[in-house]
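Notes to accompany the following structure.
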Amino acid sequence: MSRVDTFHPFARVLHWLMSIMVLTMLFVGAGMVTSVEAKHAWLLSIHRPLGITIFILALIRLGFRLTHKAPPLPADMPEWQKLAAHGSHWMLYGLMILMPLIGWGMLSAGNFPVTLWSGFQLPPILPAGPALYAWLREAHRYLAWLFFLTFLAHMGAALMHGLIRRDGVLQSMTGGSND
Amino acid sequence: MQEPKKRPPPANVAGRWALIGLVVVAAAAAFAYVGGWLTPSRLTPKRVVDALQASSGEHPGYRRNHAKGICVGGYFEASGALAKYSSSPLFASGRTPVVGRLALPGGNPYAADSSVPIRSFALRFDLADGEQWRTGMNAMPVFPVSTPQAFYDLTVATSPDPATGKPNPDKAKAFFMSHPETGPFLGWIKTAKPAPSYVDETYQSINAFYLRDANGERHAVRWKVVPETPVAGDGGPAAGDTDYLDADLTRRLAQGPVRWHLQMILAAPGDPVDDATKAWPDDRQTIDAGVVVIDSAQPQANGPCRDVNYDPTILPHGIEISGDPIIVARSAAYAVSYLRRTGEEGHLPGTAHPKEDQR
Numbered sequence: 000m001s002r003v004d005t006f007h008p009f010a011r012v013l014h015w016l017m018s019i020m021v022l023t024m025l026f027v028g029a030g031m032v033t034s035v036e037a038k039h040a041w042l043l044s045i046h047r048p049l050g051i052t053i054f055i056l057a058l059i060r061l062g063f064r065l066t067h068k069a070p071p072l073p074a075d076m077p078e079w080q081k082l083a084a085h086g087s088h089w090m091l092y093g094l095m096i097l098m099p100l101i102g103w104g105m106l107s108a109g110n111f112p113v114t115l116w117s118g119f120q121l122p123p124i125l126p127a128g129p130a131l132y133a134w135l136r137e138a139h140r141y142l143a144w145l146f147f148l149t150f151l152a153h154m155g156a157a158l159m160h161g162l163i164r165r166d167g168v169l170q171s172m173t174g175g176s177n178d
Numbered sequence: 000m001q002e003p004k005k006r007p008p009p010a011n012v013a014g015r016w017a018l019i020g021l022v023v024v025a026a027a028a029a030f031a032y033v034g035g036w037l038t039p040s041r042l043t044p045k046r047v048v049d050a051l052q053a054s055s056g057e058h059p060g061y062r063r064n065h066a067k068g069i070c071v072g073g074y075f076e077a078s079g080a081l082a083k084y085s086s087s088p089l090f091a092s093g094r095t096p097v098v099g100r101l102a103l104p105g106g107n108p109y110a111a112d113s114s115v116p117i118r119s120f121a122l123r124f125d126l127a128d129g130e131q132w133r134t135g136m137n138a139m140p141v142f143p144v145s146t147p148q149a150f151y152d153l154t155v156a157t158s159p160d161p162a163t164g165k166p167n168p169d170k171a172k173a174f175f176m177s178h179p180e181t182g183p184f185l186g187w188i189k190t191a192k193p194a195p196s197y198v199d200e201t202y203q204s205i206n207a208f209y210l211r212d213a214n215g216e217r218h219a220v221r222w223k224v225v226p227e228t229p230v231a232g233d234g235g236p237a238a239g240d241t242d243y244l245d246a247d248l249t250r251r252l253a254q255g256p257v258r259w260h261l262q263m264i265l266a267a268p269g270d271p272v273d274d275a276t277k278a279w280p281d282d283r284q285t286i287d288a289g290v291v292v293i294d295s296a297q298p299q300a301n302g303p304c305r306d307v308n309y310d311p312t313i314l315p316h317g318i319e320i321s322g323d324p325i326i327v328a329r330s331a332a333y334a335v336s337y338l339r340r341t342g343e344e345g346h347l348p349g350t351a352h353p354k355e356d357q358r
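Protein chains in written order, with numbering that gives the first Met the number 0: chain A, 0 to 178; chain B, 0 to 358.
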């Protein structure tokens, strides 16, 4: 078998914690913009603090990832798959950091108070402007789609490693045995 | 470091691929369900705004409702009388700047001022700590319907028929017959007259909210802004004048600021808090929270209210939404309307360009 090392326990904890948070965030966002009922308000009240939490954890995770080497991919993986694996990982990192920033910037551009919870606001990070608001709002929407599609590919690939190739890649994140 | 030695292929590869496919498809389907793609009959904010557009026509760059209006500016001078009911610093005595908008209901920015007997007043209070209070009020005592679905159905029932270009009275009649909660509104509008001035009107929150005091206690309230010195009519607009409201406001402001009292009405136990079709009795305890003073007006095309979404759920601490479903639906629909007009303003791909104001 092609033995792959496991990720550092801290990286594994962050990965699984953030996977739950990001997935929740994507579903909250999709439900929030398509509902008119009371849940629209409570989804919105979850969306902002959760987004900022993801942003902070993503920065910590990026710092950790840049200072701690990830286990290598199996040598027998086709080159295109390795490229896709690396590309999608950096895409996920980028989106975890960019999406909260765009959301924050978009509220700033729309001159909305960036309320995390009642009585607590973040300062605006962009000048007010309707055109800027609209562009960022649409970017937030389309990048959320990209985020979800990248997640599906990531999850599908992880299952492929664990169930078909059984090459230790999935276990490098679950921490389970390779056998 | 890695042994190229292959382990034997797993048993039932096809079944394993099917399982992976199933998990991915299930995740995608759950997302599609939450996003509303699997339930096209579900009421979404987009459908509400589409219905408003179908009712009034498309006017790029304008609000999808309350399209015709004028920006006003001034301040709120709190009396301090409300401070024990709400922890918001807004109600401790002192001044807070406001950006307001006086407008007509409806999505047509070229509607005649006399076409509707209702006027609206929206306000954004900019608190010193960065919090905001946004409220959109209307010069009427109750809302016609109590749920977002009924509002959507009402909009559809009273929209022009594509065949005739006119609303079909039978459809409207059928709607009102099947919605008895519209009774109080219909009773009021029968005698309502289009006011000759924005200044003399009383504007009401209609929806109920909660104040939360420093001890954490909630108080159900509605509010209204009442003109301080209603002026007896100056003869009203000349016959055939369709744009008299802005001119009247400008004339009044030239003589000095205009003032409204913000009156907070406290619910008595048992008063309906979550139903905007039901008025509260007139004798409810009312607290004068202070004065809204308007001292300037600007056309909405370039005034400071143009880019404000008067979302009624943007509240400072000390004011909270109630369970009235109309409040949240307004927030959701305003967001869609706001994106449409800012997108048109920003020339986003696929949006119509705002027309030059031809008037």
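Even glycine gets a Cβ: it sits at the ideal position worked out from N, Cα and C.
So residue i is in the beta strand (DSSP E); what residue range does that whole segment cover?
{"i": "W279 (chain B)", "result": "Note, W279 (chain B): premise wrong, no beta strand (DSSP E); not H, not E."}
{"i": "R123 (chain B)", "result": "119 to 125"}
{"i": "R221 (chain B)", "result": "217 to 226"}
{"i": "Q297 (chain B)", "result": "285 to 298"}
Since residue i and residue j are thought to touch, with beta carbons under 8 Å apart, how far apart are those beta carbons, to the nearest angstrom?
{"i": "K67 (chain B)", "j": "A27 (chain B)", "result": "Not quite, the Cβ-Cβ distance comes to about 44 Å (not below 8 Å), so this is no contact."}
{"i": "P324 (chain B)", "j": "T181 (chain B)", "result": "P324 (chain B) to T181 (chain B), Cβ: 16 Å. No contact."}
{"i": "Q120 (chain A)", "j": "P112 (chain A)", "result": "5 Å"}
{"i": "I101 (chain A)", "j": "L131 (chain A)", "result": "About 11 Å; that fails the 8 Å criterion."}
{"i": "R123 (chain B)", "j": "Y309 (chain B)", "result": "7 Å"}
{"i": "T276 (chain B)", "j": "V144 (chain B)", "result": "6 Å"}
{"i": "G56 (chain B)", "j": "L210 (chain B)", "result": "With 8 Å as the limit, G56 (chain B) and L210 (chain B) do not qualify as a contact, their Cβ atoms being about 39 Å apart."}
Report yes or no: is there a C-beta of chain B within less than 8 Å of the C-beta of residue i?
{"i": "G175 (chain A)", "result": "no"}
{"i": "Y132 (chain A)", "result": "yes"}
{"i": "G104 (chain A)", "result": "no"}
{"i": "G50 (chain A)", "result": "no"}
{"i": "T23 (chain A)", "result": "no"}
{"i": "H14 (chain A)", "result": "no"}
{"i": "E78 (chain A)", "result": "no"}
{"i": "L115 (chain A)", "result": "no"}
{"i": "H153 (chain A)", "result": "no"}
{"i": "A29 (chain A)", "result": "yes"}
{"i": "L82 (chain A)", "result": "no"}
{"i": "G180 (chain A)", "result": "Residue 180 (chain A) falls outside the range modelled here, since chain A spans only 0 to 178, and no answer is possible."}
{"i": "L181 (chain A)", "result": "Absent from the structure is residue 181 (chain A), since the part of chain A shown begins at 0 and ends at 178."}
For residue i, which residues in the same chain have their Cβ closer than 6 Å to its Cβ, ignoring the five residues on either side in sequence?
{"i": "K81 (chain A)", "result": "L72"}
{"i": "T201 (chain B)", "result": "K223, V225"}
{"i": "P116 (chain B)", "result": "A191, K192, P193"}
{"i": "N167 (chain B)", "result": "D160"}
{"i": "G109 (chain A)", "result": "Y132"}
{"i": "A50 (chain B)", "result": "Y151, T154, V155"}
{"i": "D274 (chain B)", "result": "S145"}
Residue range of the alpha helix (DSSP H) that residue i falls in?
{"i": "Y84 (chain B)", "result": "Per DSSP, Y84 (chain B) belongs to no alpha helix (DSSP H) and is neither H nor E."}
{"i": "E343 (chain B)", "result": "324 to 344"}
{"i": "Y243 (chain B)", "result": "243 to 253"}
{"i": "E78 (chain A)", "result": "78 to 108"}
{"i": "M17 (chain A)", "result": "8 to 31"}
{"i": "M139 (chain B)", "result": "Neither: M139 (chain B) is in no alpha helix (DSSP H) and is coded neither H nor E."}
{"i": "A156 (chain B)", "result": "147 to 156"}
{"i": "R136 (chain A)", "result": "129 to 158"}
{"i": "A17 (chain B)", "result": "12 to 33"}
If you drop the 5 nearest sequence neighbours on each side, which residues of the same chain put their C-beta closer than 7 Å to that of residue i?
{"i": "P353 (chain B)", "result": "P59, G60, E343, E344"}
{"i": "L91 (chain A)", "result": "T149, H153"}
{"i": "G104 (chain A)", "result": "I124, L125, L135"}
I'd like the list of long-range same chain contacts for residue i, defined as Cβ closer than 8 Å, with 5 residues on each side in sequence excluded.
{"i": "Q52 (chain B)", "result": "R63, G106"}
{"i": "R358 (chain B)", "result": "With a pLDDT of 37 at R358 (chain B), under the threshold of 50, the modelled position of this residue cannot be trusted; read the value that follows with caution. Cβ within range, chain order: Y109, D242."}
{"i": "R283 (chain B)", "result": "I264, L265, A266, A267, D270"}
{"i": "A127 (chain A)", "result": "S107, A108, G109, N110"}
{"i": "V48 (chain B)", "result": "R63, A332, V335, S336, R339"}
With a threshold of 8 Å between beta-carbons, can residue i be considered close to chain A, or not?
{"i": "F30 (chain B)", "result": "yes"}
{"i": "H352 (chain B)", "result": "no"}
{"i": "P324 (chain B)", "result": "yes"}
{"i": "Q1 (chain B)", "result": "With a pLDDT of only 47 at Q1 (chain B), under 50, the local geometry of the prediction cannot be trusted, and no value is derived from it."}
{"i": "E344 (chain B)", "result": "yes"}
{"i": "A77 (chain B)", "result": "no"}
{"i": "E57 (chain B)", "result": "no"}
{"i": "W16 (chain B)", "result": "yes"}
{"i": "G35 (chain B)", "result": "yes"}
Q) Are at least three pairs of beta-carbons, each pair with one atom in the stretch 75 to 93 of chain B and one in the stretch 104 to 119 of chain B, less than 8 Å apart? A) no
Q. Three or more beta-carbon pairs under 8 Å between the stretch 69 to 80 of chain B and the stretch 285 to 296 of chain B, yes or no?
A. yes
Q: Taking 8 Å as the threshold, find out whether the stretch 177 to 194 of chain B comes into contact with the stretch 303 to 323 of chain B through three or more Cβ pairs.
A: no
Q.
Under 8 Å, with one C-beta from each stretch per pair, do the stretch 63 to 78 of chain A and the stretch 169 to 183 of chain B reach the 3-pair mark?
A. no
Q: Decide yes or no for the touch test of the stretch 244 to 262 of chain B against the stretch 37 to 47 of chain B: beta carbon pairs closer than 8 Å, at least 3 of them.
A: no
Q | Any 3 or more C-beta pairs closer than 8 Å across the stretch 164 to 176 of chain A and the stretch 49 to 56 of chain A | A | no
Q) Below 8 Å, can you find three or more Cβ-Cβ pairs linking the stretch 16 to 23 of chain A to the stretch 117 to 130 of chain B? A) no
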